[in-house]
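Residue numbers (the numbering used here), protein chains in the order written: chain A, 1 to 321; chain B, 322 to 607. I have placed the structure first, in the form of structure tokens, so that the comments after it can refer back to it.
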Amino acid sequence: MTPPSPGPAIRTVDLRKTYSSPRGDVHAVRGVDLEVAPGEFFGLLGPNGAGKSTTIGMLTTLVVPTGGTAEVCGFDVVRRPVEVKRRIGMVSQNNTLDNDLSAFENLEFRGRYFGLSARDARRRADQLLEMFNLTDRRKGKPLEMSGGQAKRLMICRALVHRPEVLFLDEPTAGLDPQTRVNLWEVLRGLQREGQTILLTTHYMEEAEALCDRVAVVDHGEVLAEGTVAGLTETAGADTVITVVYDGPVPDTVRTLRDRDGVGKVEVNGEQVRVFAHSPDGLLGELVAAGSAAGVGVTDASQLRPSLETVFLTLTGREYRE
Amino acid sequence: MSAVSPTDTAALAAPPARPTLARTFWAMMAREVRVMRKNFVSTFTRVIAQPLLFVFVFAYVLPKIGTGGAMFAQQGSGPTFSTILVPGMVASSIVMQGIMAAIFPLMMELTWQRSITDRALAPVPVPLLGVQKIIAAATQAFVAGLLVFPAVLFIHAEGQGPSVHIDDWPLFLLMMVTGSLLSGAGGLLLGTLIDPQKSQVLFTIVLLPMTMLGCVYYPWAAMDGIRWLQIATLANPMVYLSEGLRAALTPQVEHMPFWAYGSVLVLGTAVVIWWATRTFTKRVLT
Numbered sequence: 001m002t003p004p005s006p007g008p009a010i011r012t013v014d015l016r017k018t019y020s021s022p023r024g025d026v027h028a029v030r031g032v033d034l035e036v037a038p039g040e041f042f043g044l045l046g047p048n049g050a051g052k053s054t055t056i057g058m059l060t061t062l063v064v065p066t067g068g069t070a071e072v073c074g075f076d077v078v079r080r081p082v083e084v085k086r087r088i089g090m091v092s093q094n095n096t097l098d099n100d101l102s103a104f105e106n107l108e109f110r111g112r113y114f115g116l117s118a119r120d121a122r123r124r125a126d127q128l129l130e131m132f133n134l135t136d137r138r139k140g141k142p143l144e145m146s147g148g149q150a151k152r153l154m155i156c157r158a159l160v161h162r163p164e165v166l167f168l169d170e171p172t173a174g175l176d177p178q179t180r181v182n183l184w185e186v187l188r189g190l191q192r193e194g195q196t197i198l199l200t201t202h203y204m205e206e207a208e209a210l211c212d213r214v215a216v217v218d219h220g221e222v223l224a225e226g227t228v229a230g231l232t233e234t235a236g237a238d239t240v241i242t243v244v245y246d247g248p249v250p251d252t253v254r255t256l257r258d259r260d261g262v263g264k265v266e267v268n269g270e271q272v273r274v275f276a277h278s279p280d281g282l283l284g285e286l287v288a289a290g291s292a293a294g295v296g297v298t299d300a301s302q303l304r305p306s307l308e309t310v311f312l313t314l315t316g317r318e319y320r321e
Numbered sequence: 322m323s324a325v326s327p328t329d330t331a332a333l334a335a336p337p338a339r340p341t342l343a344r345t346f347w348a349m350m351a352r353e354v355r356v357m358r359k360n361f362v363s364t365f366t367r368v369i370a371q372p373l374l375f376v377f378v379f380a381y382v383l384p385k386i387g388t389g390g391a392m393f394a395q396q397g398s399g400p401t402f403s404t405i406l407v408p409g410m411v412a413s414s415i416v417m418q419g420i421m422a423a424i425f426p427l428m429m430e431l432t433w434q435r436s437i438t439d440r441a442l443a444p445v446p447v448p449l450l451g452v453q454k455i456i457a458a459a460t461q462a463f464v465a466g467l468l469v470f471p472a473v474l475f476i477h478a479e480g481q482g483p484s485v486h487i488d489d490w491p492l493f494l495l496m497m498v499t500g501s502l503l504s505g506a507g508g509l510l511l512g513t514l515i516d517p518q519k520s521q522v523l524f525t526i527v528l529l530p531m532t533m534l535g536c537v538y539y540p541w542a543a544m545d546g547i548r549w550l551q552i553a554t555l556a557n558p559m560v561y562l563s564e565g566l567r568a569a570l571t572p573q574v575e576h577m578p579f580w581a582y583g584s585v586l587v588l589g590t591a592v593v594i595w596w597a598t599r600t601f602t603k604r605v606l607t
């Protein structure tokens, strides 16, 4: 298509979206700054309702921002939507395939919408169907396909015109684990070929498995941004140990916060959460402290540094998927 | 699934794409043609059933049993009822089919999975996508209007044949084209203003009164005995199309002057297209 534009593939500055409703305004996205380099695999990670889909909607021109700016391949999404649309492919969360057309025709017409000749479009459609193992579904209607097949067809559709940036909104939500892992392979393959990808997900392990860089979002804001390794080293450096007792948390537990290697100790009713750099033996001590005070342990967990502990550290809330 | 990693082949290698607004627009029209071809039987049946049945009852059954609409025909040398009916049936077909052709797809595209996204991401401005939908619906309406002619010209009781002759081709084409565009745009407007799930209401409170009171079965002038109704029906766009087609096809039957139906149809079409693309854009972009 066009040579890759210099500068970032995606840049947003204080991007905002507020939906007005009779019951008051809903601030879906409140001031998001992002920068994604060409060739990068970038993840927007956050729970449902964090504002990820709204953000991706604004970047793909289908949601109109109420504040800030967003550029894709150097083009403003509000002022130059057609230029943006020429350069992007989008795999949405819903099945948005054209149900009046067969699988093959979905790709054929997508190619023609993007300026391929009818012959080139048909050739490209067959090529992609074969590549994604969908040749036997060639004449099938999108509604008759399994979730995984429909998702693969949507990825094909998004790739027909060789987009500079590929957007995927929750690509593996609702897919069985095997299908999900296969889809990850497909996405890794695309990245190896230099495809710029922005993906949203509410699965921690998906972001960890795929993304070069991640922005953790919640309530429409970016809480932290960086490589997965970088984030776990800084914000989530701690292992998080959570113990739930069957009575009040023993006072002796609170003294742990003076210990070397322990970040903080949060007591909440019958639950205690200890953030520690060096967690060795801590879990045992917490259980022992309970027995000494005459309370039992009903639940205990130890999370190694990960995006989940990053989220916990940043928000104090359990990550809800 | 056992997906081959696209690395093995070249997922990113594709023939060069040169999208221009015109190419994208035509590709979208080509899609409509493909869909219409696939659904040929159901589309054709929908389009032809209404005029066929009306003509059968009004131009064949009723004159045969000697009642009803034959009132214009029975008075000596007056026009046969089928003559009155031809322009009205063409108008009614255009309006009904134009509106339905625009609304039916929207019911799928704007609700449920929002499959409109498929075309909203094509490299054209969203209002142009609205215009494309209007033109696609208008094309169906135009064809539906033309299909009325074989029906009304051949189905009638003995001596009840219509006397139809196109004297004024430019006027006829102007009426057919503006009527079709107005219906397509009206369908897009209604489909984007009304919650598609409530579209049943649309048929009972919009389409039915529009066709029943659209001067299909009688010329507008014939209503001068019911002055209030005659004036009330001026709010019905179909009246102008029926009257305009009457002027083009059966000038011997009384009809409105050109300045009346012509200005309403031409200006109305422009206004409704503009309005419908706005409401459509608002529904597609959130």
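Built from N, CA and C at the ideal position, the CB exists for glycine as well. All figures in this text were calculated on a predicted structure; none of them were measured in a lab.
| Asked | Found |
| --- | --- |
| Under 8 Å between C-beta atoms of A:D169 and A:V91 | yes |
| B:A591 vs B:F579 beta-carbon contact at 8 Å | no |
| Other residues of its chain near B:H477: CB distance less than 8 Å, five sequence neighbours each side excluded | V376, A380, Y381, P384, T401, S403, P483 |
| Span separating the alpha-carbon of A:E270 from that of A:S301 | 14 Å |
| Terminal residues of the alpha helix (DSSP H) in which A:Y113 lies | 103-113 |
| CB contact flag (B:V593, B:A462, <8 Å) | no |
| Chain A contact for B:S363 (CB, 8 Å cutoff) | no |
| Listed by chain order, chain B residues near A:D169 by CB distance under 7 Å | What A:D169 touches in chain B: nothing, since even the nearest Cβ is about 11 Å away. |
| Test: B:L442 CB closer than 8 Å to a CB of chain A | yes |
| Residues bridged to B:I386 (per DSSP) | According to DSSP, B:I386 bridges with nothing at all. |
| Selected residue, minimal CA-CA separation from B:I487, among B:P408, B:T607, B:W595, B:V587 | B:P408 |
| Where the alpha helix (DSSP H) containing A:Y245 begins and where it ends | That residue, A:Y245, is in no alpha helix (DSSP H); its beta strand (DSSP E) goes 239-245. |
| Straight-line gap, A:R110 to A:H161 (C-alpha atoms, nearest Å) | 8 Å |
| Short Cβ contact (8 Å threshold) for A:D33 with A:V222 | yes |
| 8 Å Cβ cutoff, B:G390 in contact with chain A | Interpretation of B:G390 is limited by its pLDDT of 49, a score under 50 that renders its predicted location unreliable; no figure is taken from the coordinates. |
| Contacts of B:V356 in chain A (Cβ-Cβ under 8 Å) | D100, L101 |
| Cα-Cα separation, A:L314 to A:A224 | 8 Å |
| Close-in-space but distant-in-sequence residues of the same chain around A:P250 (CB under 8 Å, 5 per side omitted) | A289, G290, A292, A293, V295 |
| Cross-strand partners of A:F167 (DSSP beta bridge) | A:M90, A:L198 |
| Limits of the alpha helix (DSSP H) - the one that A:Q127 falls within | 118-131 |
| Cβ of A:L97 within 8 Å of any chain B Cβ | yes |
| Enclosing beta strand (DSSP E) for A:L34 [first to last residue] | 26-36 |
| Stretch-stretch touch, CB-based, cutoff 8 Å, three pairs: the stretch 446-454 of chain B with the stretch 345-355 of chain B | yes |
| Pick from B:E479, B:T345, B:L492 that is closest to A:Y113, judged by C-alpha positions | B:T345 |
| Burial state of A:Q195, where buried means 16 or more other Cβ atoms lie within 10 Å | buried |
| DSSP-derived helix/strand/coil call for B:Q551 | helix |
| A:T55 (DSSP reduced to helix, strand or coil) | helix |
| The beta strand (DSSP E) enclosing A:L44, as first and last residue numbers | 41-45 |
| Identity of the residue in B:T602, B:A370, B:A443 nearest A:P163 by Cα | B:A443 |
| Secondary structure of A:A50, DSSP reduced to three states | coil |
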